[in-house]
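All remarks here apply to the structure that follows.
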Amino acid sequence: MTINDETKKIFKLALPLILQQLFTQLLIWADTAMLGHVNSQFFSALANVFVPFDVVSSILYAMCTGTTILVAQKIGAKDFDSARKYSEVSYIGNSFFSVIAFLIMFFGARNIFQFMGIQSPILEFSVSYVKILAFVVLAIGINGTSTSILQGIGITKIIMIGGIVSNLLNILLDYLLIFGIGPFPTMGIEGAALATTISNYASIPITLIYVFRSSKIPYKMRLVNIIKFKPGIYKNVLIFGLPSGGEYLLWNIGCFVLLIFMNHLSQDAAGIYNLVLSIEFLPIMIYTGFANAGLTLVGQKTGEENHKAAIRIGFKCLKYAFIVCGIVAIFFVTIPKPILSCFTDDEAFVIMSVPYLRFLALIVCPRALNNVLGPGIRALGDTNWMLYTQIFGTIFTCTLAYVLVFHTSLDVMGIFITFFADELVRGIINTLRFWKGREFFGLRPYVNKDN
Numbered sequence: 003m004t005i006n007d008e009t010k011k012i013f014k015l016a017l018p019l020i021l022q023q024l025f026t027q028l029l030i031w032a033d034t035a036m037l038g039h040v041n042s043q044f045f046s047a048l049a050n051v052f053v054p055f056d057v058v059s060s061i062l063y064a065m066c067t068g069t070t071i072l073v074a075q076k077i078g079a080k081d082f083d084s085a086r087k088y089s090e091v092s093y094i095g096n097s098f099f100s101v102i103a104f105l106i107m108f109f110g111a112r113n114i115f116q117f118m119g120i121q122s123p124i125l126e127f128s129v130s131y132v133k134i135l136a137f138v139v140l141a142i143g144i145n146g147t148s149t150s151i152l153q154g155i156g157i158t159k160i161i162m163i164g165g166i167v168s169n170l171l172n173i174l175l176d177y178l179l180i181f182g183i184g185p186f187p188t189m190g191i192e193g194a195a196l197a198t199t200i201s202n203y204a205s206i207p208i209t210l211i212y213v214f215r216s217s218k219i220p221y222k223m224r225l226v227n228i229i230k231f232k233p234g235i236y237k238n239v240l241i242f243g244l245p246s247g248g249e250y251l252l253w254n255i256g257c258f259v260l261l262i263f264m265n266h267l268s269q270d271a272a273g274i275y276n277l278v279l280s281i282e283f284l285p286i287m288i289y290t291g292f293a294n295a296g297l298t299l300v301g302q303k304t305g306e307e308n309h310k311a312a313i314r315i316g317f318k319c320l321k322y323a324f325i326v327c328g329i330v331a332i333f334f335v336t337i338p339k340p341i342l343s344c345f346t347d348d349e350a351f352v353i354m355s356v357p358y359l360r361f362l363a364l365i366v367c368p369r370a371l372n373n374v375l376g377p378g379i380r381a382l383g384d385t386n387w388m389l390y391t392q393i394f395g396t397i398f399t400c401t402l403a404y405v406l407v408f409h410t411s412l413d414v415m416g417i418f419i420t421f422f423a424d425e426l427v428r429g430i431i432n433t434l435r436f437w438k439g440r441e442f443f444g445l446r447p448y449v450n451k452d453n
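Counting in the numbering used here, the sequence shown runs from 3 upward without gaps.
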């Protein structure tokens with residue numbers, strides 16, 4: 003593959019994922035905007051719901067990353083039989099964690115929110131929302147495994163189709179169920195949760211049927227092999243997936259602690275925090291396509307034992323992510339008020355949020371370093387590095403945020419300054435790790451072997 007071919011391959015993988023992520027972000031914005039126009043208190047409820055929900059869902063999807071990496075490496079090595087075995091065993095293995103996550107969210111929601119310091123009426127809004135949303139996590143084991151297999155092979159268009167169908171359905175159901183159009187009842191925040199749940203299940207058959215029936219899959223899976231779950235094979239998936247799950251758990255624990263800080267300041271503080279960070283998802287959703295393309299291609303080049311090409315591809319993906327971040331940052335700085343006004347009619351709330359959206363322009367590029375090169379590090383075969391840097395990041399974030407929020411006059415701005423410092427420090431460290439390898443830090447080179 004020439005350098006020009008690499009660029010074409012990156013965009014072939016990334017563009018469908020970018021479109022799918024943009025539709026996902028459109029969905030998030032539609033939820034936020036519709037609920038914000040009904041009741042601005044729903045911003046605080048969404049902020050509190052999505053922290054524990056993101057903890058659970060990101061861990062589950064991170065577990066599925068183990069499937070992507072192993073499939074990609076085996077495809078690169080032309081070992082299709084091993085790729086098939088890892089694919090088959092992942093369905094039951096990954097779904098097991100989804101069931102556990104559902105039980106925790108459904109039965110423990112009120113206790114979790116009370117521990118977070120949420121009070122009425124936000125508490126009731128949050129509990130009713132998350133008890134419906136909990137059913138989404140049951141879908142992640144199956145859907146996440148299917149998309150991970152497809153990403154590992156290098157097929158992303160069907161993922162885009164499934165995501166677009168799901169998100170269009172979600173937006174339609176949002177409108178019908180939140181406001182109660184025609185025969186549909188007015189359900190408010192519960193309607194938004196029900197719409198999200200239904201639409202997530204609608205995408206499962208699309209990717210699942212493709213994985214099992216398409217001629218473009220280089221191996222054929224059998225249901226009998228999936229049912230005959232083999233823990234010894236799935237152990238290798240866990241070796242790659244568990245550190246990624248631990249990394250996302252620690253990142254979300256940091257966000258969880260910061261949200262507790264916000265709730266201690268005021269309900270408006272939590273709402274601002276949620277609104278501004280939800281807008282930041284725009285560049286993240288776009289460049290995540292390049293990050294996932296890098297995960298696949300770096301993994302495949304690692305399987306081919308072509309380390310030089312793997313590093314080159316990773317930095318190419320980062321370059322495109324920086325271009326996206328630069329464009330979005332310009333909009334954050336120049337027109338923050340019109341952007342924020344799309345989500346609420348509360349003029350005072352918009353004015354309070356403007357400085358934080360502008361400051362966010364400084365954070366987007368450092369965050370891209372970690373979000374793009376982090377998957378590249380995992381695809382090289384180093385399963386633990388990002389976990390180690392995230393342990394540092396979580397301790398650093400919680401400590402610095404506590405000092406800046408409660409021992410200075412910075413209040414909410416202290417949180418955003420903390421984000422910038424954390425992402426910049428870890429971004430530099432992780433860039434050196436991806437570029438120079440483990441040897442740069444005095445560690446032995448990683449040798450990829452099946453256990």
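Even glycine gets a Cβ: it sits at the ideal position worked out from N, Cα and C. The model shown is predicted, which means the values in this text are computed figures rather than measured ones.
Contact defined as beta carbons within less than 8 Å: I believe residue i pairs with residue j. What is the distance between those atoms, to the nearest angstrom?
i      : j      : result
Leu210 : Ile144 : 7 Å
Ser92  : Thr69  : 4 Å
Ile460 : Ser130 : Because the chain here runs from 3 to 453, residue 460 falls outside it and cannot be looked at.
Ile161 : Leu19  : 7 Å
Cys319 : Val374 : 6 Å
Val259 : Gly154 : That pair is no contact at about 34 Å.
Tyr250 : Ser60  : 4 Å
Leu152 : Phe99  : That pair is no contact at about 20 Å.
Ala461 : Met107 : With the chain covering only 3 through 453, there is no way to say anything about residue 461.
Ala16  : Ala403 : About 33 Å separates the two Cβ atoms, so there is no contact after all.
Just the C-alpha distance for residue i and residue j, rounded to the nearest angstrom, thanks.
i      : j      : result
Leu284 : Gln23  : 9 Å
Thr396 : Val414 : 18 Å
Leu125 : Val278 : 21 Å
Leu196 : Asn169 : 13 Å
Tyr448 : Val335 : Unreliable positioning characterises Tyr448 in this predicted model, as indicated by a pLDDT of 48, which lies under 50. The coordinate reading is nonetheless provided below. Between Tyr448 and Val335, the C-alpha separation is close to 42 Å.
Asn265 : Phe13  : 42 Å
Ser280 : Leu359 : 10 Å
Asp429 : Phe186 : Before going further, note that residue 429 is Gly rather than Asp in the sequence given. Rounded to the nearest angstrom, the two C-alpha atoms are 48 Å apart.
Val416 : Asn96  : Before going on, a small fix: residue 416 reads as Gly here, not Val. Those two C-alpha atoms are separated by around 38 Å.
Asn406 : Leu412 : Note that residue 406 is Leu in the sequence shown, not Asn. Approximately 6 Å between the Cα atoms of the pair.
Thr399 : Asp83  : 43 Å
Ile379 : Thr198 : 32 Å
Asp452 : Gly301 : Any answer about Asp452 is weak, because its pLDDT of 48 lies below 50 and its placement is not dependable; what the coordinates show is given next. Roughly 15 Å between the two C-alpha positions.
Gly439 : Arg314 : 13 Å
Gly193 : Leu179 : 5 Å
Ile286 : Lys87  : 32 Å
Ile262 : Gly119 : 7 Å
Thr346 : Val352 : 7 Å
Phe436 : Val101 : 35 Å
Phe292 : Thr433 : 16 Å
Asp424 : Cys257 : 12 Å
Ala331 : Pro357 : 13 Å
Pro340 : Ser355 : 12 Å
Ser89  : Ile157 : 14 Å
Leu362 : Lys230 : 49 Å
Asn202 : Val138 : 7 Å
Tyr212 : Glu349 : 47 Å
Pro514 : Asn372 : The first residue shown for the chain is 3 and the last is 453, placing residue 514 beyond what the model contains.
Gln116 : Val132 : 14 Å
Gly110 : Ile255 : 17 Å
Gly299 : Ala312 : The sequence given here places Leu at residue 299; Gly does not occur at that position. Rounded to the nearest angstrom, the two C-alpha atoms are 7 Å apart.
Thr188 : Met65  : 37 Å
Thr385 : Cys327 : 27 Å
Glu307 : Asp270 : 52 Å
Val58  : Pro220 : 32 Å
Ser217 : Met223 : 12 Å
Could you check what DSSP says for residue i in three-state terms: helix, strand or coil?
i      : result
Asp81  : coil
Asn308 : coil
Ser217 : coil
Lys232 : coil
Ser201 : helix
Gly247 : helix
Ile337 : coil
Ser268 : coil
Lys222 : coil
Met118 : coil
Gly439 : coil
Tyr448 : Reliability fails at Tyr448, whose pLDDT of 48 lies under 50, so the model's placement of it is uncertain and the value that follows must be treated cautiously. Of the three classes helix, strand and coil, the one that applies to Tyr448 here is coil, per DSSP.
Cβ of residue i within 7 Å of any heavy atom in the ligand SAH?
i      : result
Gly193 : Although the ligand SAH was asked about, the structure shown includes no ligands whatsoever.
- Considering only residues of the segment 344 to 412, which uninterrupted alpha helix (DSSP H) runs meet the minimum length of 4 residues and lie entirely inside it, listed in chain order? Runs found: 349 to 381, 387 to 408.
- Starting from the N-terminal side, write out each stretch of the alpha helix (DSSP H) that is 4 residues or longer and does not extend beyond the segment 120 to 199. Counting only runs of 4 or more, we get 124 to 155, 159 to 181.
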